[in-house]
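J.: Quick one: the structure is below, questions incoming.
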Amino acid sequence: MQKTDVLIVGAGPTGLVLAIWLSKMGVSVRIIDQADRSGTTSRAIVLHARNLEFYRQLGFASLAIERGVEFKAANLWLHGKKFAHVPFGDLGVSISPYPYALILPQDQQEELLGEQLRLLGVEVERSTTLFSCENIEKGVRARLKKATGEEEICEALYLAGCDGAHSVVREQLGVGFPGGTYEDVFYVADLRIQGAVADGEMHGALDDADFLAIFPMKGKGNVRLVGAIRPELKQKEHVQWEDVNQKIIQRLSMKVEEVKWFSAYKVHHRVASQFQKERIFLLGDAAHIHSPVGGQGMNTGIGDAVNLAWKLVAVIKAHAPAALLETYNEERIRFAQHLVSTTDSAFSFVSKRGRLATQVRTQLMPLLLPFLFQFAAMRRMMFRILSQTSIEYEPSSLSEGKAGQIKAGDRLPWLNGKPDNYEVLNTMNWQMHVYGKTAAEVQHVCKERNIDLHVFKWSDEVKKVGLQQDTLYLIRPDGYIGWIQAQWNKNELFSYLDKWGI
Ligand SMILES: Cc1cc2nc3c(=O)[nH]c(=O)nc-3n(C[C@H](O)[C@H](O)[C@H](O)COP(=O)(O)OP(=O)(O)OC[C@H]3O[C@@H](n4cnc5c(N)ncnc54)[C@H](O)[C@@H]3O)c2cc1C
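Quick note, the sequence shown lines up with residues 3 to 504 if you use our numbering.
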C-alpha cells in the first residue's frame, strides 16, 4: 500500500496547480489521471489576470506569458457592422500587473504545468483510475486501478477530487450536483481565417437569430469561434463544422482557410452541494460547471486549487487547526454559486430566442453598450469581474477587521508597481504589510511568530488604492487580506494567530 500526504485525482489544470503549490511547500503528493496522456485539444483558452498573479507567486507567470497571446480589446458587431470597441489594456493597469487576458490554450497550459511539476520531482501517474474512496480515521483510503488491471490501495491524509464534471469522487461522497442543462447545443472551433476579425482582438457578433464570439489565438489568422448550433440540428448526433450557420460568419467577411478543431457540446450549470466531506475535497469542474461566458471555468478551478493548497500546507506542515480547511468550502462555494448565477444570466441573454430577446439584443444593446463603455469606471468594473481580481472573501470566518474602504477578505490592492507590493508574495507564507511606520513591538512579534514583516513607504499611490497609513494588514499566503488592525493591539493579533495556528 502506498502512502502520501495528499492524493490528487485528476491532472487537469486544477489538479496540476494544486500539486505544484503543495510540492513547492514540501507536502508530499501523488497525482493520478485515468488518461494515458495529457489533453491534446485547446478547450479553455483564456487565462485571467488573477491566475497570472498566482502563477507569478509560483514562479512561472513570465513563461506562461511568453507562450501565450495577450488580448487587450473587445469589439462588438451587429448585422456585420462594428458598433463598439472596448480597449481593456489601459483599464487594468492600476489593478493588476497583468492588465489583459492571456490566450493560452488548455493543452499548452497543461503541458506547462506538467513541466513545472516535473521540475519539483513529481510525475503524473497516468492510466491510473480511482474507482472508490472513503474517509477513514485520520485519513482517506482510495482504490486505484491501472490500465493493466492491477489494483492498488492508496492511503493519504487528504484527497482532492479534481476529476472533472463526471467526478467519481463526488459520486463516492454522495454529494449532489444540482442545477440544469441548457437546451441549446453550442460549438467551439479553432480555425485559420482571413478577414478583419483576425486582428488579435476579441469580437462578439450578434444577428437576429445568432451570436458568435471570436478570440485571437497564437499564429497568423488563428482564431477560436464560439457559437450556437441551429435549433433544427439539435437532435443530430454528430454535428460538424459544415452544420454551423454560415450567415453570421459571412457577414463578418471571414474567409475560413482551415478548421483545426471542432467540438459541439451542451452547456450545464451546476454547483456541488458541498465542496468538502471530512478529509475529501471537490475542486474545479468536479465542484462547479457553467456556461463558457467570460471564460471563467478553468480559471475558477485554478482559484479553488490555490485556496485549498495553502490551507492544506498549513494543516499538514504547521499543524493549523482542521477548521482552517472548512473555510475552503465556505469561501469557494459562495463564489461558485455567485459565478454560476451570473454567467447563467449572461448566457441566457446572449443565447435566448424569441422576438423580445432579439429586439433587446439587436436594438437596445447596440445603443446601451457603447454608451456604458465610454465610462472608464464601467470598463474597470468589467475588467475586475472578468479577471477575477474582484473576488473577495469578506464573509469568511478567516476575515477579521476593516480600515477605510478595505476589508479583511479583500485581495491585497496592487500598488501599480510603485513599489511592487506583489513581489514579496512569492514566499507563499503569511506576511504582515504596513504602509508607513510601525512599532518596534510589531517587528518583535512578527519575528517571534515567524511572519515576514514588509514595511512600505507611505505615498500617494498607496493612498489611492485605499490602504491606510500605519495600519497592520496580515496577508494570507494566497494574497488576500486575513486580518486588519488600525490601532496596535498585541492581544488581538495573538488571538487571531492562535485561532488559525499561524
Ligand atoms: C470543448 C470545451 C471547451 C471549453 N471551453 C472553455 C473556455 O473557453 N473557457 C473555460 O474557462 N472553460 C472551458 N471549458 C471548460 C474547461 O475545459 C474546464 O473548466 C477545465 O478543464 C476544468 O479543469 P479541471 O482540472 O477541473 O477538470 P478537467 O480538465 O476535466 O480534468 C479532470 C481530469 O481528471 C481525470 N479523471 C476523471 N476521472 C478520473 C478518475 N476516476 N480517476 C483518475 N482520473 C480521472 C480526467 O482524465 C481529467 O484529466 C471547455 C471545455 C470543453 C470540453
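From the three backbone atoms N, C-alpha and C, an ideal C-beta is built for every residue, glycine too. Every value quoted in this text rests on a predicted model; they were computed, and no experiment measured them.
Between Gly163 and Val11, how many whole angstroms is the CB-CB distance? I'm expecting something under 8 Å.
T.: 5 Å
J.: Measure the C-alpha to C-alpha separation of Gly151 and Leu327 and round it to an integer number of angstroms.
T.: Rounded to whole angstroms, the separation of the alpha carbons of Leu327 and Gly151 is 35 Å.
J.: Could you please give the first and the last residue of the uninterrupted alpha helix (DSSP H) stretch that includes Ala379?
T.: Ala378 to Leu388
J.: Tell me which residue opens and which closes the alpha helix (DSSP H) that His456 is part of.
T.: From DSSP, His456 is part of no alpha helix (DSSP H) but of the beta strand (DSSP E) over Asp454 to Phe458.
J.: Compare the C-alpha of Lys257 against each of Gly411, Asn224 and Val48 and name the closest.
T.: Asn224
J.: Taking its Cβ as the centre, do 16 or more other Cβ atoms sit within 10 Å of Ser389, making it buried, or is it exposed?
T.: In the assembly as shown, Ser389 is a buried residue. Its beta-carbon has 16 or more other beta-carbons within 10 Å.
J.: Please name the residue in Gly70, Gly202, Gly94 and Gly305 whose C-alpha comes closest to that of Ala419.
T.: This sequence places Gly at residue 419; Ala is not what is there. Ranking the options by Cα distance to Gly419, first place goes to Gly94.
J.: Out of Ile22, Ala149, Gly176 and Leu227, state which residue places its alpha-carbon closest to the alpha-carbon of Ser134.
T.: Gly176
J.: Quick one, are the C-beta atoms of Thr183 and His270 less than 8 Å apart?
T.: yes
J.: Give a yes or no on whether the C-beta atoms belonging to Leu310 and Cys156 are separated by under 8 Å.
T.: Not in contact: Leu310 and Cys156 (Cβ atoms no closer than 8 Å).
J.: Please state the DSSP three-state secondary structure of Ser265.
T.: strand
J.: Per DSSP, what kind of secondary structure is Pro89 in: helix, strand or coil?
T.: strand
J.: Under three-state DSSP, which class holds Asp35?
T.: coil
J.: Assuming Phe188 is part of the beta strand (DSSP E), what are its boundary residues?
T.: Annotation for Phe188: the continuous beta strand (DSSP E) segment containing it runs Gly181 to Gln196.
J.: Have a look at Leu427 and Gln59 and give me their C-alpha separation to the nearest angstrom.
T.: 6 Å
J.: By Cβ distance below 7 Å, which residues in the same chain neighbour Met300 in space, the five residues on each side in sequence not counted?
T.: Pro15, Ala46 and Gln108
J.: For ligand 1, is there any heavy atom lying closer than 7 Å to the beta carbon of Ile47?
T.: Within 7 Å of the C-beta of Ile47 there is at least one heavy atom belonging to ligand 1.
J.: Return the chain-ordered list of same chain residues with a C-beta closer than 6 Å to the C-beta of Gln407, the five sequence neighbours on each side being excluded.
T.: Gly468
J.: Can you tell me whether His240 is helix, strand or coil according to DSSP?
T.: coil
J.: Less than 8 Å between C-beta atoms, sequence neighbours within five positions excluded: which residues of the same chain meet that for Gln52?
T.: The sequence given here places Arg at residue 52; Gln does not occur at that position. Within the same chain, Arg52 has close Cβ partners Ser98, Asn301, Gly305, Ser389, Gln390, Thr391, Ile393 and Arg413.
J.: What are the start and end residues of the alpha helix (DSSP H) that includes Gly141?
T.: Unbroken run through Gly141 is the beta strand (DSSP E), Gly141 to Lys148; no alpha helix (DSSP H).
J.: For the alpha helix (DSSP H) that Asn493 lies in, which residues bound it at each end?
T.: Lys492 to Lys501
J.: Taking C-beta to C-beta, are Thr329 and Ser398 nearer than 8 Å?
T.: yes
J.: From this set, Gly70, Ile453 and Arg120, which residue's C-alpha is nearest Phe496's C-alpha?
T.: Ile453
J.: Classify Glu463 as buried or exposed, calling it buried when 16 or more other Cβ atoms lie within 10 Å of its own Cβ.
T.: buried
J.: Taking C-beta to C-beta, are Ala75 and His87 nearer than 8 Å?
T.: yes
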